[in-house]
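Residue numbers (this note's numbering), protein chains in the order written: chain A, 1 to 240; chain B, 241 to 480. Even for Gly, the Cβ is constructed at its ideal location relative to N, Cα and C.
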DNA sequence: CTAGCCTCTTGATCGGAATCAAGGCGCGCC
DNA sequence: GGCGCGCCTTGATTCCGATCAAGAGGCTAG
């Protein structure tokens, strides 16, 4: 490993790959990569720190790099000229950014709160990808997964009612394994609304309705306690 | 090339890759593949014929194969239990089906009219993919492209008005280069409505409105003549 | 030709979410 | 503490697209 390789990125990339506790490994591109491939990946990474609201990559600009989130949350979104906005997704620690791009980025990525990233310059990353078949395989896997998610979201945006959307959203955030059911929302109501294709008022009203129906509890605005997951599941899936 | 390899698929796969006229090569996975890679791809292909309405692959079922369309149009869609349906996309000759899948297919693919496909059994295809780096590269490229498209559609479904949706739809169908502006719609109004997250009535009304405004002309229901592309573009992009 | 069916179009009415509007709450800062 | 500023919640009203309903045009079979 040459001297220009900073130590920090290597450590960080390693941490991403091994943080089993929060399920990061399963989503990360680093998942299932052998240790020495990880080393090589870390060797081309550059650490990048972003403050709240900072733009990580901008829709339409040349796709100069891929990123892997090591901490914090990111909002992925597209805008219309008149200011309407659609959040296409939220990214969490371990998530890989930049696959949804051709020559230019297809979405804007904005930091929610403080974010730390590993930045992989595009050319070097692609070269490495060709040298490491397991990495390219993994990228294809991640892309396929994201396509499945994207199509699920089209169904939500195109055909679900406000109640169904909000219920789906809550369940998506809840960890798969049966835990306490306490969800921390790192994003604002406005982000949620733009994610679900609704307005903040409708999101707020719907959450209030769920609380009245004893399906959830909200003590602080960004903490939701799930009380009736089966009920929410029934609403989300729109069983007649 | 072994005797079990049928001749027909090879010819068909070759034809897909070279049909420059209709722009197929650019979208096909076969694009930019060297001739002898194409041969190997063709060697694992099985021809499949589908009649109108026939299901090519079913959401939730084990992803047993990839497909490449050689002729005809395909509707990709997801359903809710109560029958609401979202068309996630239409696929044309040259398009590759099956990337949006993990262990199971993420969407259902249904033939619109008669369809001819090259079927690639999953295991053999993946093995070949590992043997042909240019193929895997191309798949990743196609997946990235589809992700960009998917996000564009989220913006449409989540934030655009009916007029904006229909205008966007017409422009997406129109060939990029300035041609006669005549669009043939292989799908029904119902398919279009489910694609745009609207009802057939709204699609029909909006098309009628565009006709009244001299932006399009419709002589036969499935043939639309674009008259005012700039106007449609302005509507689609929602310039205030 | 005609009956039956399917798809598309058009009109009338309804309803769910958007919009408009007004407060409430929490938090940092002076 | 108290003021100002965001963010969230709640209420009143509006409006776009859905739903309900009816009819037109085209295609096939007999």
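Do residue i and residue j have their C-beta atoms closer together than 9 Å?
i                     : j                     : result
residue 67 (chain A)  : residue 90 (chain A)  : no
residue 471 (chain B) : residue 455 (chain B) : yes
residue 191 (chain A) : residue 75 (chain A)  : yes
residue 365 (chain B) : residue 287 (chain B) : no
residue 355 (chain B) : residue 296 (chain B) : yes
residue 290 (chain B) : residue 357 (chain B) : yes
residue 352 (chain B) : residue 426 (chain B) : yes
residue 157 (chain A) : residue 99 (chain A)  : no
residue 273 (chain B) : residue 143 (chain A) : no
residue 421 (chain B) : residue 469 (chain B) : yes
residue 151 (chain A) : residue 390 (chain B) : yes
Buried or exposed: residue i, going by 16 or more other Cβ atoms within 10 Å of its Cβ?
i                     : result
residue 134 (chain A) : exposed
residue 194 (chain A) : buried
residue 220 (chain A) : exposed
residue 294 (chain B) : exposed
residue 376 (chain B) : buried
residue 370 (chain B) : exposed
residue 301 (chain B) : exposed
residue 350 (chain B) : buried
residue 275 (chain B) : exposed
residue 22 (chain A)  : Annotation note: pLDDT 40 at residue 22 (chain A) (below 50); position unreliable, no value reported.
Please determine, among the options, the residue with the shortest C-alpha to C-alpha distance to residue i.
i                     : options                    : result
residue 170 (chain A) : A:207, A:106, A:109, A:53  : A:207
residue 313 (chain B) : B:327, B:349, B:332, B:297 : B:332
residue 238 (chain A) : A:161, A:199, A:81         : A:161
residue 104 (chain A) : A:88, A:168, A:50, A:122   : A:122
residue 299 (chain B) : B:474, B:405, B:320        : B:320
residue 462 (chain B) : B:391, B:469, B:443        : B:443
residue 164 (chain A) : B:378, B:322, B:273, B:474 : B:322
residue 388 (chain B) : A:63, A:234, A:34          : A:63
residue 475 (chain B) : B:378, B:420, B:406        : B:406
residue 87 (chain A)  : A:226, A:108, A:42, A:225  : A:108
residue 277 (chain B) : B:367, B:268, B:372        : B:372
residue 440 (chain B) : B:268, B:465, B:428        : B:428
residue 438 (chain B) : A:142, A:144, A:71, A:155  : A:155
residue 281 (chain B) : B:368, B:381, B:305        : B:368
residue 408 (chain B) : B:466, B:359, B:340, B:339 : B:466
residue 71 (chain A)  : A:209, A:224, A:52         : A:52
residue 119 (chain A) : A:179, A:224, A:106, A:94  : A:94
residue 342 (chain B) : A:77, A:102, A:106, A:146  : A:146
residue 172 (chain A) : A:106, A:224, A:78, A:209  : A:224
residue 317 (chain B) : A:218, A:179, A:159        : A:159
residue 414 (chain B) : B:445, B:346, B:473        : B:473
Under the three-state reduction of DSSP, which class applies to residue i: helix, strand or coil?
i                     : result
residue 149 (chain A) : helix
residue 127 (chain A) : helix
residue 220 (chain A) : coil
residue 227 (chain A) : coil
residue 268 (chain B) : coil
residue 422 (chain B) : strand
residue 209 (chain A) : helix
residue 48 (chain A)  : strand
residue 382 (chain B) : helix
residue 253 (chain A) : An answer regarding residue 253 (chain A) cannot be provided, because it is not within the stretch 1 to 240 covered by chain A.
residue 70 (chain A)  : strand
residue 242 (chain B) : Caution applies to residue 242 (chain B), whose pLDDT of 34 falls short of 50 and renders its modelled position unreliable; the value that the coordinates give is listed next. DSSP places residue 242 (chain B) in coil when its eight states are reduced to three.
residue 57 (chain A)  : strand
residue 106 (chain A) : coil
residue 326 (chain B) : strand
residue 357 (chain B) : strand
residue 100 (chain A) : coil
residue 162 (chain A) : helix
residue 133 (chain A) : helix
Is any heavy atom in the ligand COA found nearer than 8 Å to the beta carbon of residue i?
i                     : result
residue 205 (chain A) : Ligands displayed in this structure: none; no statement on the ligand COA is therefore possible.
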